[in-house]
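Participant:
Numbering (the working numbering), first residue to last: 752 to 997.
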């Protein structure tokens, strides 16, 4: 069924880091892409140009994924410009305050929950509503190894939001399987991106990773693309850890 349709995938947080790498990889693998971004229009357009350079269509949409109306606008624009949405990569996320939980400010924690949990739920809700009407599809949630490691001393609240993403993946996969929709998750470890407050953190932690190095965004993008592909047609409810062994 999916082979008969052009793949149209919404990528939230698609302007930088893992999200931008996912957009480029999906374009190489034949997807048209809707790049959802929060504020950096120039970075989003750069990602879009990379998609177009691969011969695929692309649209960029500014979106706060914690805002229901903005999420609806993202999916409506994707469908209007590119066609029925067949895939969602739930990637937009924030770390919130960095440090011990006892020192974290409540507003920062709330924002992390709003984006990392409510935002994922709102995007997945809209995606499955649309996909159930148009022939099925696939959702890939980007979680984190922090969901099981807990991130003590750094951002326990962030780890908690990613544990919620894992639970959401398992539950939603069971809920929508009969609608022809697969829901899976990629859990990255320490990846070289601009996500880290300390740009040197990935290199500093290399010795704690069994493979001896931090990962690259492109390595996460490959896993995401596989889960969206027909090669993963029997995978749903899976949490694929891509974390160098941690």
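Think of the CB as a built atom: it goes at the ideal place given N, C-alpha and C, for glycine as much as any other residue.
1. Contact defined as beta carbons within less than 8 Å: I believe residue 847 pairs with residue 788. What is the distance between those atoms, to the nearest angstrom?
2. One question on the structure: do residue 954 and residue 895 come within less than 7 Å of each other, judged by their Cβ atoms?
3. By the DSSP assignment, the alpha helix (DSSP H) with residue 939 in it spans what residues?
4. Does the beta-carbon of residue 754 have 16 or more other beta-carbons within 10 angstroms, so that it is buried, or is it exposed?
5. Residues in its own chain within less than 7 Å of residue 904 by CB, not counting five upstream and five downstream?
6. When the Cα of residue 801 is compared with those of 770, 818, 828 and 911, which residue comes out closest?
7. Any idea which residues DSSP pairs residue 811 with across the strands?
8. Which one or two residues does DSSP pair with residue 889 in a beta bridge?
9. For residue 885, I'd like the list of residues in its chain whose CB is within less than 7 Å of its CB, leaving aside the five on either flank, ordered along the chain.
10. Can you tell me whether residue 976 is buried or exposed, with buried defined as 16 or more other CB within 10 angstroms of its CB?
Facilitator: So, to answer that:
1. Their Cβ separation, rounded to whole angstroms, is 19 Å, which puts residue 847 and residue 788 out of contact at 8 Å.
2. no
3. Where residue 939 is concerned, there is no enclosing alpha helix (DSSP H), although the beta strand (DSSP E) it sits in stretches over 932–939.
4. Confidence at residue 754 is low in this model, with a pLDDT of 46, below 50, so the placement of that residue is unreliable and no value is reported for it.
5. 851
6. 770
7. 786
8. 838 and 933
9. 835
10. buried
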